[in-house]
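Working notes, structure below.
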Amino acid sequence: MPMSFNLNVIEEFRANGGRVGGPFEGGDLLLLTTTGARSGRPHTVPLGYVRAEGLLLVVASAAGAPENPQWYRNLLTHPVVRVELGTDTFDAVAVPAEGARRERLFAAVVRKAPGYGDYQAHTERELPVVILERERPGAAPTGEAPVVRTLADKLLEAHGWLRAQLHHVREEAHAHVPGRPAGLGLQLRQHCLAFCDGLTHHHTGEDTAVFPALARSHPELADVLARLDEQHRAIGRIRDELVALLAGIEVSEPERLRTELDRMSAELEAHLDHEEAELLPVLAGIPFPPTGPARAGSATDR
């Protein structure tokens, strides 16, 4: 679709709580914001969606064009996306379905929206079916996110998300078999990249804003902050090795992937435990969102 058309739809969607007129009137529409694979900039598109098997699905149809749309290529590089659905806005991990699961979900999509079947008939490529897995950072077993009142709460929320994602990824890695017809390859890759992106964002925020602010206000933490900075660099090297390994996940040895994840998990858990023990008492006295001129607290967002 022309960019100007998309922009008009996006503006109308946001101005009217998700309701639009024209060709989308009365249809199931959401806004998907991805991060540019090369530019790193946000890119928002309006997309039709379908709910099936309790899942929120979008199809990279591009109206049957011979190539996948740019938003799909973006999410293969940066799986964490922003979804606007009605008046609700949330982050999600975008996971393309594979094998028999993709076939089953696409059939369900076509039953509800037959036009996608027509698009598939006009192209040789297999139209990707993407599952938008809603994220609930730091959510408790009840599914409710904890109340965040201080920077300590915000740190625990970010750490909770990282721990949950790493646990999820390790479970998938132990179930992964390269070349499996309905394999977990792409699913595992997307969750690994989502975890790595989240870890990078969290540590960058701490290194560039939180730690310098703490160093100024609490000089007695200088040695602690220096050790945490060293741990960030060590974990960063492991993260980079994991991302490189993911590039060949279908041909890599599963044991090597599990070894890297186990090593990263052990180091990350030790780092998070140490960070919480040293910083939570200090951060508990800093309100979130910040009320003063210092805005270091915002950087703990994943």
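Residue numbers (the numbering used here): -15 to 286. By construction, the Cβ of each residue, glycine as well, lies at the ideal position given by its N, Cα and C atoms.
Cβ pair residue i, residue j closer than 8 angstroms
i	j	result
Val42	Leu116	yes
Ala36	Leu89	yes
Leu252	Leu241	no
Leu205	Ala199	yes
Val29	Asp12	no
Pro271	Arg133	yes
Gly1	Thr71	yes
Nearest-angstrom beta carbon gap, residue j and residue i [assumed within contact, 8 angstroms]
i	j	result
Leu256	Arg147	7 angstroms
Phe74	Arg3	Going by Cβ atoms, the distance from Phe74 to Arg3 rounds to 19 angstroms, so no, they are not a contact pair.
Ala21	Gln174	Contact doesn't hold; Cβ gap of about 14 angstroms is too wide.
Leu14	Val94	Not confirmed; about 19 angstroms, so no contact.
Asp207	Phe195	Contact flag wrong, Cβ pair sits at about 12 angstroms.
His187	Gly220	7 angstroms
When the options are compared against residue i, the one with the closest alpha-carbon
i	options	result
Met248	Leu150, Arg3 and Thr134	Leu150
Gln104	Asn52, Lys138, Glu141 and Val67	Asn52
Leu139	His258, Leu177 and Arg200	His258
Glu108	Ala47, Gly182 and Gly24	Ala47
Val(-7)	Phe179, Gly24 and Gly32	Gly32
Asp137	Glu260, Ala(-1) and Phe8	Glu260
His62	Leu198, Cys180, Gly189 and Leu209	Cys180
Glu225	Leu209, Arg211, Ala210 and Thr243	Thr243
Leu209	Arg221, Ile222, Glu156 and Asp191	Asp191
Ala254	His143, Thr17, Thr184 and His27	His143
Ile222	Leu183, Ala193, Glu239 and Ala(-1)	Leu183
Val113	Arg86, Arg57, Leu69 and Ala178	Arg86
Leu39	Gln54, Ala92 and Gly5	Ala92
Leu263	Arg(-2), Trp55, Ser201 and Ser(-12)	Ser201
Gly99	Ala44, Ser23 and Gln54	Ala44
Gly24	Glu(-5), Trp55, Ala159 and Glu(-4)	Trp55
Ala250	Glu9, Ala218, Ala76 and Leu60	Ala218
Residues bridged to residue i [DSSP beta-bridge criterion]
i	result
Glu68	Leu15 and Thr73
His27	Thr18
Thr134	Pro271
Gly101	The partner list for Gly101 (beta bridge, DSSP) is empty, contrary to what the question assumes.
Ile115	Leu41 and Val79
Arg35	Leu40
Cβ shell of residue i (< 7 angstroms), same chain only, five flanking positions each side left out
i	result
His152	His175
Ala268	Thr134 and Ala136
Ala81	Leu89, Val113 and Ile115
Arg57	Ala21
Own chain residues within Cβ distance below 6 angstroms of residue i, not counting five before or after
i	result
Gly276	Confidence in Gly276 is poor, its pLDDT being 49 and thus under 50, which makes the residue's placement too unreliable to answer from.
Gln171	Val79
Gly101	Val94
Ala124	With a pLDDT of only 42 at Ala124, under the threshold of 50, the placement of this residue in the model should not be trusted, and no figure is reported.
Leu177	Pro63
Val235	Because the pLDDT at Val235 is just 46, under 50, the model does not fix this residue reliably, and the value given afterwards should be weighed accordingly. Excluding positions up to five away in sequence, the list is empty.
Leu60	none
Val227	Cys180
Cβ neighbours of residue i in the same chain (closer than 8 angstroms, five flanking residues each side left out)
i	result
Pro26	Thr17, Thr18, Thr19, Gly20 and Arg66
Pro50	Thr107, Glu108 and Arg109
Pro203	none
Thr126	With a pLDDT of 41 at Thr126, under the threshold of 50, the predicted position of this residue should be treated as unreliable, though the coordinate-derived value follows. None.
Phe(-3)	Arg3, Val4, Leu13, Leu15, Pro30 and Glu68
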